[in-house]
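Using our numbering, the letters of the sequence shown map in sequence onto residues 3 to 240.
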Amino acid sequence: MEPYEMNRAAMTPAAVSDPAIERAFITRVYGWMAIALAITGLVATATASDPALMAWIFDTPFALLAIVIVQLIIVVVLSAAVNRLSTGVATGLFIAYAALTGFTFSTLFYVYTAESIGMVFFITAGTFALVSLYGFTTKTDLTRVGNLAFMGLIGILLSSLVNLFLRSEAIYWIVTYVGILVFVGLIASNTQRIKRMAYGLGDDGELRSKASVVGALSLYLSFINLFLLLLRIFGNRK
Numbered sequence: 003m004e005p006y007e008m009n010r011a012a013m014t015p016a017a018v019s020d021p022a023i024e025r026a027f028i029t030r031v032y033g034w035m036a037i038a039l040a041i042t043g044l045v046a047t048a049t050a051s052d053p054a055l056m057a058w059i060f061d062t063p064f065a066l067l068a069i070v071i072v073q074l075i076i077v078v079v080l081s082a083a084v085n086r087l088s089t090g091v092a093t094g095l096f097i098a099y100a101a102l103t104g105f106t107f108s109t110l111f112y113v114y115t116a117e118s119i120g121m122v123f124f125i126t127a128g129t130f131a132l133v134s135l136y137g138f139t140t141k142t143d144l145t146r147v148g149n150l151a152f153m154g155l156i157g158i159l160l161s162s163l164v165n166l167f168l169r170s171e172a173i174y175w176i177v178t179y180v181g182i183l184v185f186v187g188l189i190a191s192n193t194q195r196i197k198r199m200a201y202g203l204g205d206d207g208e209l210r211s212k213a214s215v216v217g218a219l220s221l222y223l224s225f226i227n228l229f230l231l232l233l234r235i236f237g238n239r240k
């Protein structure tokens, strides 16, 4: 799920802030995203290295479903109610989400080789860096791109649900390639949105801290979903 509509209150223009504060906000967003990715990777690796824990995961089919439901709840809470949370709670929820993602991602090591997972991670990181740089530097308004990408996201989610029953290989690959375009669009548009947030949040430290968590979550979700789609193409199955 993508928190596309970053909390509107957090985006309400305020007095233009100091450039140093703006840079600190952007650095905090990408910093939290990097920390979340590191947590996900460490938890995934540690879990995959524990045979007993992996056996429990595969023997308890509803465990992963329960985790996914908890993750959805966290995304909804952070996206829709972040202003009612303290900075500490918002940050804790984000870290918990990253850890839970790592737990579910541990199963990838039983499907793909570790080498191909690492390779795809670096492909994703390079793609993300280039697209995010474009979103940050372009003079073009990417709002329309973001809107189209969000509609595309809904489309691929519905298609994926339908394909759970149809099991169509054609739909699987269409969703894969369209999904890559969708998340590339979301990365670019959300990067530009975060840049605008940095310019419009003023010097309210509490608001900026919570907005940085929401911004980091948005980019993190786009990154991991892009990673999963690229893994379908470039990952070497065992």
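Just so it is clear, CB atoms sit at the ideal spot from N, CA and C, and this is done for glycine as well.
Since the structure is predicted, the reported quantities are computational estimates derived from the model, not experimental observations.
Review point. How many Å lie between Leu-321 and Ser-88 at the Cα?
Key: Residue 321 lies beyond the range of the chain shown here (3 to 240); nothing can be said about it.
Check your understanding: Do Leu-203 and Phe-96 have their C-beta atoms within less than 9 Å of each other?
Key -> The residue labelled residue 203 in the question sits at position 201 within the sequence shown. The residue labelled residue 96 in the question sits at position 94 within the sequence shown. No, they are not a contact pair.
Practice item. Reducing DSSP to helix, strand and coil, say where Arg-239 ends up. Key: Stepping through the sequence shown from its first residue, residue 239 is reached at position 237. Strand, per DSSP.
Practice item. Compute the Euclidean distance between the alpha carbons of Leu-223 and Thr-103, then round it to the nearest angstrom. Key: Taking the first residue of the sequence shown as position 1, residue 223 is located at position 221. Taking the first residue of the sequence shown as position 1, residue 103 is located at position 101. About 10 Å.
Check your understanding: Which first and last residues belong to the alpha helix (DSSP H) in which Ala-83 is found?
Key -> On the sequence shown, residue 83 is found 81 positions in, with the first residue counted as 1. Ala-83 -> no alpha helix (DSSP H), and no H or E assigned at all.
Review point. Should Arg-239 be labelled buried (16 or more other beta-carbon atoms within 10 Å of its own) or exposed?
Key: On the sequence shown, residue 239 is found 237 positions in, with the first residue counted as 1. Label assigned to Arg-239: exposed.
Practice item. May I have a chain-ordered list of the alpha helix (DSSP H) segments no shorter than 4 residues that lie completely inside the region 41-104? Key: 53-61, 63-82
Check your understanding: Looking at the C-beta of Leu-67, does it have a partner C-beta in chain D at a distance below 9 Å?
Key -> Absent from the structure is chain D; it holds one protein chain and no more.
Check your understanding: So Gly-137 is in the alpha helix (DSSP H); what residue range does that whole segment cover?
Key -> Looking up residue 137 in the sequence shown gives position 135. Note, Gly-137: alpha helix (DSSP H), 116-139.
Review point. Taking C-beta to C-beta, are Ala-100 and Val-45 nearer than 9 Å?
Key: Mapped onto the sequence shown, residue 100 falls at position 98. Mapped onto the sequence shown, residue 45 falls at position 43. It is a contact, given that the beta carbons lie within the stated cut-off.
Check your understanding: Can you name the start and end residues of the alpha helix (DSSP H) that Arg-198 belongs to?
Key -> As a working mapping, residue 198 is identified with position 196 in the sequence shown. Its alpha helix (DSSP H) spans residues 171-202.
Check your understanding: Using the beta-carbon count (16 or more within 10 Å), is Gly-148 buried or exposed?
Key -> The residue you call residue 148 lines up with position 146 of the sequence shown. Buried, because 16 or more other Cβ atoms sit within 10 Å of the Cβ of Gly-148.
Check your understanding: Is Leu-110 helix, strand or coil when you go by DSSP?
Key -> As a working mapping, residue 110 is identified with position 108 in the sequence shown. Three-state DSSP puts Leu-110 in a helix.
Practice item. May I have the straight-line CA-CA distance separating Leu-132 from Ile-176, to the nearest angstrom? Key: The residue given as residue 132 occupies position 130 in the sequence shown. The residue given as residue 176 occupies position 174 in the sequence shown. Distance between the alpha carbons of Leu-132 and Ile-176: 24 Å.
Check your understanding: Anyone know if the C-beta pair for Ile-59 and Thr-126 falls short of 9 Å?
Key -> Within the sequence shown, numbered from 1, the residue matching residue 59 stands at position 57. Within the sequence shown, numbered from 1, the residue matching residue 126 stands at position 124. Cβ atoms of Ile-59 and Thr-126: not closer than 9 Å.
Practice item. Would you mind working out which of Ala-98, Arg-198, Leu-183 sits nearest Leu-139, comparing C-alpha positions? Key: As a first step, residue 139 must be located in the sequence shown, where it is residue number 137. The amino acid at residue 139 is misidentified as Leu; the sequence shows Thr. Ranking Ala-98, Arg-198, Leu-183 by Cα distance to Thr-139 puts Arg-198 first.
**Study point:** Three-state secondary structure (DSSP) of Thr-145
**Key:** Locating residue 145 in the sequence shown gives position 143, where the first residue counts as 1. Reduced to three states, the DSSP call for Thr-145 is helix.
Practice item. Count the other C-beta atoms from every protein chain shown that fall within 10 angstroms of the C-beta of Ser-170, then say buried if there are 16 or more, exposed otherwise. Key: What you label residue 170 is simply residue 168 of the sequence shown in a count that begins at 1. That one is exposed.
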